[in-house]
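Numbering (our numbering), first residue to last: 42 to 724. No residue lacks a Cβ here, since even glycine has one placed at the ideal position from N, Cα and C. Here is the structure we will look at, set down as structure tokens.
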Amino acid sequence: MDRQEANREVARLRQEIRHHDHLYYVRDEPRISDAAYDRLYHRLKDLEETFPELVTPDSPTQRVGGAPLDGFPAVDHAAPMLSLDSDQDEAALQRFDERLRKGLEGAAVAYTIEPKLDGASLEVVYRDGLLSGAATRGDGRRGEGITENARTIRSLPLRLQSDRRPIPPFLSLRGEVIMRIEEFDKLNERLVAAGRDPFANPRNVAAGALRQLDPRDTAAKPLDIYVYDILAVDWGDHAEQAPTRQWEVFERLRDWGLPVSSLSSRGETVEDILAYHADLDTRRDDLGFEIDGIVIKLDDLAARETLGTTSRHPRWAFAFKFPPRREITRLMQILPSVGRTGVVTPVAMLRPVELSGVTVSRATLHNREELARKDVREGDRVRIQRAGDVIPQVLEVIPEPDRERAAPWAMPERCPSCDTPLIDKGPFVLCPNSFECPAQLEGRLIHFASRDALDIEGLGEKSVRLFVAEKLVTNLPDIFDLEARPLMSLEGFGKKSATDLVAAIATASNAELHRFLYGLGIPEVGVTTARDLARHFGTFEALRQADDAALQEVAGVGPRVSEEIVAFFAEERYRAVLDALLDGRVTLVEPGPPEPQDEAGEPPLAGKKMVFTGGLGELSRRQAKELAEGLGAKVTGSVSKATDYVVAGEDPGSKYDKAVALDIEILDADGFLALLAEHGVTP
Ligand code: IVH
């Protein structure tokens, strides 16, 4: 290929990759598989390596670049980045509305109502459509220049594009950088597993990641951004196109390819605002990222000028906050808790307290270093926090100068469950009695029966503890030998619950391979890895025989993971457990050879978005979802224009009406089964 051909090909690839980045990161509507995307990306990367003179800063390959800095340059913002007047009291919201109406002398008022994203505020500058600068908020007038770090945020376009609207020669925007809870939880799991302290909340991670001197350290923490405001702009020859309302600002930002929250709404009265606030508060745990309230802004941009700002806040906007997810309570006791891997962690037993609708009575203290660093002792008053879906944690001790404190807590010398002397292993304290320690057996059983593993209804924490205490179960395979009669006399059990449980265990004994794998609790093998392994190897035997090299062929399996898997299968006592399980107790449902593929090498429903509503008879929602995902479909919770299929079973909900309104293909249960059968899948 000569340089000219390469140039054309590079331009075409970049355009295509940008298009798919936009679909994936901004619109959340991917159209091609990860593998197909990787092919495009690697083709571009190869060409750029062969013809380095063709590399441009806005190429999708150039997100993580630049040498580490010694410090950040100070950057003046294009316009002050003000903060908001805020309160969680309804009365304060009323006062804001009244003041605003008075200031506008009774003119009609329209508001935009937006989620208040709990992240780090960022200024982003585009010159002639190219991302040319980014700065933290700093003191509001001046921040730190962190352009290279902002470039690693995949949803932030390196180049603005629109076929409908001109791109201004100069554009300064404001947005909020966040980390999604899924990423946050993954990060904290890794930290805790390595014996390090976890982060308190996603905001701290986002703010910290933006201020890394080496952009590669930022890129290692996947961040996201939503843009909500134009700080300053030069419209060039298109001043007549300038938006006049906040709502138009959102539309314009979207037109340019920028990520704008789809949760924003409009309203006119305090009632509208309260309704939005209440609605968002109930959905708060399902958004996938943290919000700490809502922001109300006057929609009419010209009218904002009339109201102006105080020294710190605009008079035309207000943040109506949610009640905090932090509370103060007393720590009654610290108990060592033995997990399924034998690691002993201190757990804080709290005086129960309500934290945004959930009663909390225990919180993790993670490890003894953290305990020592925070100097938490029994009897202390402590501030606790629930961040995202994570288990509540103890943030800090509230000093009480007049109170005498207990002595610092010490880890016991012997296992609280089996009395075996504990050992130090790196940052952890461990009970080495992996196979007989009742606490570890309990942990392993609870995990094995949990929702993402064998999903055995009725075999929760309480029954597991009881069965272990009564010695009805002394090893994992024993649960499949349980009989109903001896259970009936146990506390909390009757005839029905005992037979139901035995029946549930029998049903679960036909186990899908990936659930079984996850349930074994192999270190480093989570839900996703288990699924990938099952899909790749097809059978348990194939996986069990695999060596390091074969395991590492699976995407996402590196040396650390493969080492754990190999070690697990090599351990004599795990082998005995597996043999006992597979000797008639568990029948594995194995996917066999990899999924059917069409000619292009993609699963047949790759990129298709599917929504389920209503009951599907025999098929549970989860099974249906897994079958559809197995064919490459993406199953989402709500119907939009981008939805390809709505599967409507018995008693469908409002999603059905929405599908009709949007003219989306609707399948009933039989239609869904037919679609599966078309691609060689039968449940
Ligand atoms: S508007 C003058 N809108 O909340 C306009 N802020 O003090 C000021 N925030 O530091 C900001 N979501 O980082 C606005 N939809 C949203 C927001 C938002 C989050 C942050 C922002 C600011 C703080 C309020």
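- Inter-residue distance for K415 and D169 is about 50 Å (C-alpha atoms, whole angstroms).
- Rounded to whole angstroms, D296 and S203 show a C-alpha spacing of 6 Å.
- Annotated as distal: V233 and Y267, with beta-carbon spacing of 9 Å or more.
- Sequence-distant Cβ neighbours of M373 in its own chain, meaning closer than 8 Å and more than five residues away, are M390, L391, R392, E419 and G420.
- For D159, the distance from the CB to the nearest heavy atom of ligand 1 is below 8 Å.
- Your pair V618 and L517 checks out as a contact, with CB atoms roughly 6 Å apart and the cut at 8 Å.
- Counting only residues of its own chain and dropping the five nearest sequence neighbours on each side, P101 has a CB closer than 8 Å to the CB of R55, I58, R59, D62, Y82, L85 and L199.
- In the three-state scheme derived from DSSP, where H, G and I count as helix and E and B as strand, N408 is classed as coil.
- Counting only runs of 3+ residues, the beta strand (DSSP E) found wholly inside the stretch 318 to 348 occupies 332 to 339, in chain order.
- Relative to ligand 1, the beta carbon of L123 is positioned inside 8 Å of a heavy atom.
- Within the chosen limit of 8 Å, ligand 1 does not reach the beta carbon of P300 with any heavy atom.
- For the pair P632 and I187, the Cα-to-Cα distance works out to about 47 Å.
- Remark: three or more beta-carbon pairs, one from each stretch, lie closer than 8 Å, so the stretch 155 to 165 and the stretch 302 to 317 are flagged as touching.
- For V336, the distance from the CB to the nearest heavy atom of ligand 1 is below 8 Å.
- Between ligand 1 and the CB of D128, the shortest heavy atom gap is not smaller than 8 Å.
- Listed in chain order, the beta strand (DSSP E) runs fully inside the stretch 189 to 273 are 211 to 219, counting runs of at least 3 residues.
- Contact check between the stretch 277 to 288 and the stretch 139 to 148: fewer than three CB pairs, one atom from each, fall below 8 Å, which does not count as touching.
- Remark: the C-beta of S162 is in contact range of ligand 1, defined as less than 8 Å to any heavy atom.
- For A413 and L436, the gap between their C-alpha atoms comes out near 13 Å.
- Distance check between L272 and each of S162, I332 and T370 places S162 closest, using alpha-carbon atoms only.
- When the Cα atoms are used, P433 and E230 turn out to be separated by approximately 14 Å.
- Closest in alpha carbon position to P109, among A132, D255, E46 and G216, is D255.
- Taking the Cβ atoms as the reference, G106 lies roughly 27 Å from E223, outside the contact range of under 8 Å.
- Only exposed fits R53, as fewer than 16 other CB atoms lie within 10 angstroms of its CB.
- The continuous alpha helix (DSSP H) containing R55 extends over residues R44 to D62.
- Check the Cα spacing between I425 and each of E410, D443 and V394: the tightest is with V394.
- Taking C-beta atoms as the reference points, E706 and V722 fail to come closer than 9 Å.
- For D341, the distance from the CB to the nearest heavy atom of ligand 1 is not below 8 Å.
- Secondary structure at M122: coil, using DSSP grouped into helix, strand and coil.
- Looking at A669, V595, K699 and A702, the one whose alpha-carbon comes closest to that of A710 is A669.
- Taken from the Cβ of D620, every heavy atom of ligand 1 lies 8 Å or farther away.
- By the CB criterion at 9 Å, Y78 and Y65 fall inside the cutoff.
- Rounded to whole angstroms, the separation of the alpha carbons of T684 and F581 is 36 Å.
- In the structure shown, the three-state DSSP call for M373 is strand.
- When P207, L554 and V166 are compared, the shortest CA-CA separation from A575 is found for L554.
- With distances taken between CA atoms, T569 lies nearest to V598 out of V598, A545, S550 and G579.
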